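As given, the protein sequences belong to chains B and U, one line each in that order. Quick note: the first sequence uses my numbering, first residue 3, plus one each step. Quick note: the second sequence uses my numbering, first residue 3, plus one each step. Glycine included, every Cβ here is placed at the ideal spot set by N, Cα and C. Because the structure is a prediction, the values reported are computed rather than measured.
Number of protein chains: 2
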Amino acid sequence: MKNRLNKELVIRLLKYRRILNQLKNLGFEKVFSNNLGDAIGVAPALVRKDFSLLVLGGNKRGGYNIDYLSEQLNRILGKTREQKIVIVGMGKIGTAIAQYKGFLQGDFEVAAGFDVRAVDVPPGLTMPILSLEDLPEYVAKNHIEVAILSVPEDQAAECHRLLKEAGIRGLLNFTPVELKTTPNCIIHNINIGVEIENLFFQVIKNGLPLHLELADGAGSEEDDSE
Amino acid sequence: MKNRLNKELVIRLLKYRRILNQLKNLGFEKVFSNNLGDAIGVAPALVRKDFSLLVLGGNKRGGYNIDYLSEQLNRILGKTREQKIVIVGMGKIGTAIAQYKGFLQGDFEVAAGFDVRAVDVPPGLTMPILSLEDLPEYVAKNHIEVAILSVPEDQAAECHRLLKEAGIRGLLNFTPVELKTTPNCIIHNINIGVEIENLFFQVIKNGLPLHLELADGAGSEEDDSE
DNA sequence: TAGATTGTTAATCGATTAACAATC
DNA sequence: TAGATTGTTAATCGATTAACAATC
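Structure (structure tokens):
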């Protein structure tokens, strides 16, 4: 039982699905490996290989059927499941994410926000903001499995512990503290500071394109989404 | 002139630097490849290989000197440069990022925000919020090279075009539209929706740890920060 | 000396791409 | 048939890890 559906593949599948939905909305029926590869920035051969691995067939000259692919990807990726999350840390980033429109198309719902302090509920926010003390009970009662962590750096470790004890199985961590995945709790870290530092470095390294190359090893280079 | 300092390596170096600064603040003087590997989640051999590649030597029994490593990483990563960015799209996410505290430690400054609409400057925000029309002139005058894009999905393409025309060299894209790197403008996409979808999928796949494995190929698996 | 850690080579692992036969 | 695209194999590429000699 090898590692079918590895990390990179799953991300590609999620991106395929998004593109397919957009194409469907535009009234398209067929799509070629070519198109999908361009759209997500990989070689067409990889698109074909992905679908081949999942036993999703196309037509030798007609490409792939969008409706069929879309359905199958929903099956594989588990579209139907109700997906509720909580946000721990209702500061600027937390409330911004709580109001993120993209969640609607993704079938997510932010069930509640939590904070140590009493926080004014910002206008337009529909979910309750509760005290951190109530987290364990809320998570258990509402079967919450996934959380977003957006507290200040010095509270990250403590909240992490609290969330694991409450039985959270997946955590999207926006704090600068790099948390570690354990068998019971998968962590994905998004470190905005490092992202910006990295982008700056790549820009400097990339240098001025044709004329005026930088001194040392400043070749241009492909680089894509993370 | 091969690809020294590739994408993964640079990210590791940025993370090493952050850890080293923290250790320095705690009064440490030496660190072992062991420690750094644990801290950022890679094998100690890779830490040693990284430093070896950059000709940063340690002591066969005393590990690495933190001050020295830190200095050298600053040299390699270009710490000193003044780093100003602008944010395009001062909605919830844009303003949240504008107030992000982590920037201070990273030597960044958000020079200005831009928006199509007249936006009330939120309390506590020190930078000006200008009209998108003023972007090209502002970017040219202040030598801005890097921008953050946080507009609604339907404005992403247009703003992307505008930013490239204005001469922006690097763009951190928070919109759900996947933008493509060109020779003149490096794009890093952060798609929060996909991140959450991905986390949900990994959680379901990870299943219940020991008892009650899921049906098909639901093995547990290492997974780390993106 | 004994023990521990670096520095470096070789092996491994895995993902992507190139290429092409099959076929609609 | 000619042309285009899939499906699949083999080649490539690159990153990580294992292992161990060197050495402090």
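Simplified DSSP assignment, three categories, for residue i
i, result
"L201(U)", "helix"
"H229(U)", "Given a span of 3 to 228 for chain U in the structure shown, any question on residue 229(U) remains unanswerable."
"S133(U)", "strand"
"G195(U)", "helix"
"L214(B)", "Only weak support is given to the placement of L214(B): the predicted model assigns it a pLDDT of 39, under 50, and the value that follows is read from those uncertain coordinates. L214(B) falls in the coil class under three-state DSSP."
"T183(U)", "coil"
"I2(U)", "It is not possible to answer for residue 2(U), since the shown part of chain U is limited to 3 through 228."
"F116(B)", "strand"
"V90(U)", "strand"
"I78(B)", "helix"
"A149(B)", "strand"
For residue j and residue i, believed in contact at Cβ under 8 Å, the rounded distance
i, j, result
"L137(B)", "A168(B)", "6 Å"
"S72(U)", "K32(U)", "Not really, about 12 Å apart at Cβ, beyond 8 Å."
"I89(B)", "V112(B)", "6 Å"
"T177(U)", "E155(U)", "6 Å"
"R19(B)", "L58(B)", "Actually they are not in contact, since the Cβ atoms of R19(B) and L58(B) sit about 12 Å apart, beyond 8 Å."
"L132(U)", "F116(U)", "5 Å"
"V153(U)", "C161(U)", "5 Å"
Option nearest residue i by Cα separation, candidates the options
i, options, result
"P124(U)", "I21(U), V141(U) and M92(U)", "M92(U)"
"I126(B)", "N67(B), N76(B), I99(B) and A47(B)", "For the record, residue 126(B) in the displayed sequence is Gly; it is not Ile. For G126(B), the nearest C-alpha among the options comes from I99(B)."
"V49(U)", "L165(U), L22(U) and R14(U)", "R14(U)"
"N76(U)", "L56(U), K86(U) and R63(U)", "L56(U)"
"S35(B)", "V44(B), L28(B) and G29(B)", "V44(B)"
"A41(B)", "G29(B), N23(B) and G115(B)", "N23(B)"
"Q85(B)", "A114(B), T97(B) and G65(B)", "A114(B)"
"E139(B)", "V153(B), L165(B) and N37(B)", "L165(B)"
"N175(B)", "L201(U), L174(U) and C161(U)", "L201(U)"
"F203(B)", "I198(U), G172(U), G195(U) and L38(U)", "G172(U)"
"V118(U)", "G96(U), L134(U), L38(U) and G104(U)", "L134(U)"
"D69(B)", "G29(B), K9(B), A142(B) and D52(B)", "G29(B)"
"S54(B)", "E160(B), L7(B) and N193(B)", "L7(B)"
"L181(B)", "K17(U), I192(U), I170(U) and G96(U)", "K17(U)"
Test: residue i CB closer than 9 Å to a CB of chain U
i, result
"I192(B)", "yes"
"P154(B)", "yes"
"K9(B)", "yes"
"E160(B)", "no"
"L173(B)", "yes"
"L16(B)", "yes"
"P178(B)", "yes"
"K32(B)", "no"
"I188(B)", "yes"
"K26(B)", "no"
"I146(B)", "no"
"G80(B)", "yes"
"Q157(B)", "no"
CB contact check: residue i to chain B, cutoff 9 Å
i, result
"R77(U)", "no"
"R163(U)", "no"
"L137(U)", "no"
"E167(U)", "no"
"Q204(U)", "yes"
"K182(U)", "yes"
"V141(U)", "no"
"V196(U)", "yes"
"N200(U)", "yes"
"L214(U)", "Any reading at L214(U) must be qualified, since the residue scores a pLDDT of 39, below 50, and its modelled position is unreliable; no value is offered."
Any non-hydrogen atom of the ligand SAH within 8 Å of residue i CB
i, result
"D117(U)", "As for the ligand SAH, it is missing from this structure, which has no ligand bound."
Return the residues of the stretch 96–118 of chain U that lie within a Cβ-Cβ distance of less than 8 Å from chain B, sorted by chain order. For the stretch 96–118 of chain U, the set of positions with a beta-carbon nearer than 8 Å to some beta-carbon of chain B reads T97, A98, I99, Q101, Y102, K103, G104, F105, Q107, G108 and F110 in chain order.
Near-chain B residues of the stretch 40–64 of chain U - C-beta to any C-beta below 8 Å: If the cut-off is 8 Å between Cβ atoms, the stretch 40–64 of chain U has A41, I42 and G43 near chain B.
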